[in-house]
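In terms of the working numbering, the sequence shown has 148 at position 105, counting the first letter as 1, and numbering is strictly consecutive.
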Amino acid sequence: MGGILAAAILLARFYRLAMFSQLRLICFDLDNTFWPIEPVIRAADQAVERWLELHYPALAALTSPALLRDARFDLARQYPDQAHDLTWLRIEALARCALAQGLPTAVGREGFEVFIAARHRVEFYPDVLPALDVLGQNFRLATLSNGNADTRRIGVAERFEFSLNAALIGYAKPDPRAFQKVLDLSGCHPAEVLYVGDDPDHDIAGPQKLGLRTAWMRRDPACDWPAGRTAPDVVLATLADLVSALPCVR
44 MGGILAAAIL LARFYRLAMF SQLRLICFDL DNTFWPIEPV IRAADQAVER
94 WLELHYPALA ALTSPALLRD ARFDLARQYP DQAHDLTWLR IEALARCALA
144 QGLPTAVGRE GFEVFIAARH RVEFYPDVLP ALDVLGQNFR LATLSNGNAD
194 TRRIGVAERF EFSLNAALIG YAKPDPRAFQ KVLDLSGCHP AEVLYVGDDP
244 DHDIAGPQKL GLRTAWMRRD PACDWPAGRT APDVVLATLA DLVSALPCVR
């Protein structure tokens with residue numbers, strides 16, 4: 044039995060070595076990969092709600108985070124060419140609500156500034172920054188997100204060769220063009236790039252279409268891989284697992 048186990052471990056190590064032998068660039072999702080996003084968005088929405096109550100109480104009485112979320116969904120359906128731009132959706136949804144109450148549309152931009160300031164008050168998972176320190180010594184690093192977090196405002200931009208988001212490039216994951224942009228900017232071939240993210244559709248199925256390596260960030264142990272989907276190359280509970288999974292890391 045011991046010999047079989049040792050052989051299995053050796054085979055797994057050989058597989059990882061072969062799979063990642065060409066790896067040059069690791070590209071990361073942000074929300075729910077580097078930090079939990081739900082409490083951040085909830086706090087940011089509440090900040091906007093308090094701001095409206097203070098500055099535009101009549102508008103605050105007729106809106107709520109849930110109503111504004113529904114308004115953004117409606118806008119995304121009406122304007123599919125803009126649906127990738129979460130910043131535009133937030134500004135436009137609030138601006139239209141303001142206009143309906145006889146207020147200037149500038150309220151949309153003002154409210155967004157309140158939101159985005161709170162949106163950048165993130166708390167990293169404890170494994171993230173130590174793992175990035177190690178990975179950055181061995182690989183080129185980048186980020187690609189559908190959200191509007193700015194690595195500069197968070198204070199980690201210097202860790203990455205480039206940071207992209209859907210609003211900047213004009214399309215959102217899982218659109219293959221988003222991952223093609225990563226290839227174009229890095230000059231890498233698909234087999235030389237590993238994409239790491241938590242969403243099976245956006246972060247795994249998307250890059251798989253172009254032949255990128257993929258790592259599924261499964262921070263919730265109760266979350267199972269969707270049946271019938273092509274599995275990622277590696278499953279992670281933390282970024283420390285990625286450091287361990289890469290045999291070429293010093």
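C-beta atoms are modelled at their ideal positions from N, C-alpha and C, and glycine is treated no differently.
{"query": "Environment of A87 [buried if 16+ CB atoms lie within 10 Å]", "result": "buried"}
{"query": "Entirely enclosed alpha helix (DSSP H) segments - the segment 128 to 157, minimum 4 residues", "result": "129 to 143"}
{"query": "Boundaries (first-last residue) of the beta strand (DSSP E) holding V278", "result": "V277 to L279"}
{"query": "Cβ contact check for the segment 140 to 157 and the segment 118 to 127: 3 or more pairs under 8 Å", "result": "no"}
{"query": "Own chain, CB closer than 6 Å to L95, minus 5 neighbours either side, in chain order", "result": "L102 and A103"}
{"query": "Where H232 falls, given that 16 or more other Cβ within 10 Å makes a residue buried", "result": "exposed"}
{"query": "Secondary structure, beta strand (DSSP E): runs of 3+ residues fully inside the segment 215 to 279", "result": "236 to 240, 256 to 260 and 277 to 279"}
{"query": "DSSP-derived helix/strand/coil call for G46", "result": "Any reading at G46 must be qualified, since the residue scores a pLDDT of 48, below 50, and its modelled position is unreliable; the value itself is stated next. Reduced to three states, the DSSP call for G46 is helix."}
{"query": "Start-end ranges of the beta strand (DSSP E) lying completely within the segment 63 to 127, minimum 3 residues", "result": "68 to 71"}
{"query": "R183: first and last residue of the uninterrupted beta strand (DSSP E) it sits in", "result": "R183 to S188"}
{"query": "Inter-residue CB distance, L68 and A209 (contact presumed, cutoff 8 Å)", "result": "Wrong, their Cβ atoms sit about 19 Å apart, outside the cutoff."}
{"query": "Burial state of R272, where buried means 16 or more other Cβ atoms lie within 10 Å", "result": "exposed"}
{"query": "Segment limits, alpha helix (DSSP H) that includes L172", "result": "V171 to L178"}
{"query": "Sub-8 Å separation of N189 and T130 beta-carbons", "result": "no"}
{"query": "Proximity winner among T106, L137 and A274, relative to D242 (alpha-carbon distances)", "result": "A274"}
{"query": "DSSP beta-bridge partners of L207", "result": "L187"}
{"query": "D72 versus E92 - alpha carbon distance", "result": "28 Å"}
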